[in-house]
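Visitor: Sharing a structure below in structure tokens format, with a few things to ask.
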Amino acid sequence: MTGTKPDLLRTDALSLAQQYWDARKEFKFGVPTGTLDDCIERAQALQTKPVVLSDSGDNPTGGGTGDRAEVLAALLRHHAQNAVIAGIVDRQATEACYRADVGATLPLRVGGTLDPVGNPPVHVTAKVMFLLKTDQLSERQAVVQVEGVSVVLTARRRPFHEIRDFTSLELEPTTFKIVVVKAGYLVPEIARIANPNLMALTDGAVNQDIEHLPVNRYRVPTYPFVADLQWKPIVVVGARFPHRDA
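To convert, take the position in the sequence shown, counting from 1, and add 20; that gives the working numbering.
Set out below in structure tokens:
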């Protein structure tokens with residue numbers, strides 16, 4: 021806080037800080053959340069579509085690598101049908117699809133190319149359904165079918181924030197039962213078609229499951245890592261002096 025009345029500022033700063041602290045347990049996600057398996061099971065049980073499932077821990081616009089393939093593995097494990105994942109960055113797999121061409125079936129190792137530590141790839145047999153026509157290698161995108169799941173493979177990290185990101189690949193998102201995007205909260209255009217949106221608290225560089233993050237020796241005692249933490253706000257007063265030319 022800034023101002024010219026220090027006593028008033030101290031009072032208001034303490035009050036505001038205390039209000040935040042007192043309301044700490046009221047801060048919740050704005051959409052239903054759960055584990056990846058929970059969200060997939062809920063999506064399959066719903067009678068509505070498309071259920072937009074956010075792979076929130078691997079959001080490339082939030083700092084995620086965008087190459088994690090756990091959602092693909094989980095959808096296959098749950099025998100999901102009529103699902104699409106947009107997308108997984110994997111340049112090697114994307115280029116393999118371009119070499120094979122549309123209609124070809126080939127083995128692919130998907131994921132774990134940018135951050136292989138703790139991010140195992142998924143080995144699948146895929147049929148190439150679509151290849152984006154582009155002269156730029158970095159803009160290549162391939163759509164493959166893996167059992168009941170359509171997977172968009174990309175040569176670079178990128179989000180899928182607009183409907184045209186799908187339709188440019190001959191995919192109509194509203195026709196799918198489950199649409200997976202690597203995002204946290206959905207941008208408005210995708211949010212409008214979500215029926216509903218479920219946020220999976222997945223692993224990744226931007227894991228949103230804050231209170232269950234691994235312990236490390238650099239973390240000072242803070243909430244929510246210490247559930248019964250005792251804390252009172254304090255005021256630190258700074259002074260800003262007018263600039264004077266030399």
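Backbone N, C-alpha and C fix where the C-beta goes; we use that ideal spot for every residue, glycine too.
Report the residue from 123, 94, 253 and 149 whose alpha carbon sits nearest the alpha carbon of residue 222.
Guide: When each option's Cα is compared against that of residue 222, the closest is 94.
Visitor: Looking at the structure shown, is residue 135 part of a helix, part of a strand, or coil, going by DSSP?
Guide: Residue 135: coil per DSSP, three-state reduction.
Visitor: Round the Cβ separation of residue 218 and residue 59 to the nearest angstrom and send it over; I've been treating them as touching at under 8 Å.
Guide: Contact holds; Cβ gap of about 4 Å.
Visitor: Rounded to a whole number of angstroms, what is the C-alpha to C-alpha distance between residue 198 and residue 63?
Guide: Whole-angstrom Cα-Cα distance: 7 Å.
Visitor: Do the stretch 108–128 and the stretch 138–151 meet, that is, are 3 or more Cβ pairs less than 8 Å apart?
Guide: Verdict: yes, contact present.
Visitor: Check this for me: beta carbons of residue 104 and residue 87, under 8 Å apart or not?
Guide: Contact flag unset, no.
Visitor: Under three-state DSSP, which class holds residue 253?
Guide: Coil, per DSSP.
Visitor: Pick from 231, 216 and 238: whose alpha carbon is nearest that of residue 44?
Guide: The option with the nearest alpha carbon to residue 44 is 231.
Visitor: Which of helix, strand or coil does DSSP assign to residue 35?
Guide: Residue state, collapsed to three classes: helix.
Visitor: Could you compute how far the alpha carbon of residue 179 sits from the alpha carbon of residue 57?
Guide: C-alpha separation (whole angstroms): 23 Å.
Visitor: Does the beta-carbon of residue 77 have 16 or more other beta-carbons within 10 angstroms, so that it is buried, or is it exposed?
Guide: Label assigned to residue 77: buried.
Visitor: What are the start and end residues of the beta strand (DSSP E) that includes residue 144?
Guide: Residues 142–151.
Visitor: Less than 8 Å between the beta carbons of residue 274 and residue 171, yes or no?
Guide: This structure leaves residue 274 out entirely; the chain is present only between 21 and 266.
Visitor: Given this structure, state the Cα-to-Cα distance separating residue 206 from residue 82, to the nearest angstrom.
Guide: Residue 206 and residue 82: Cα-Cα distance of roughly 12 Å.
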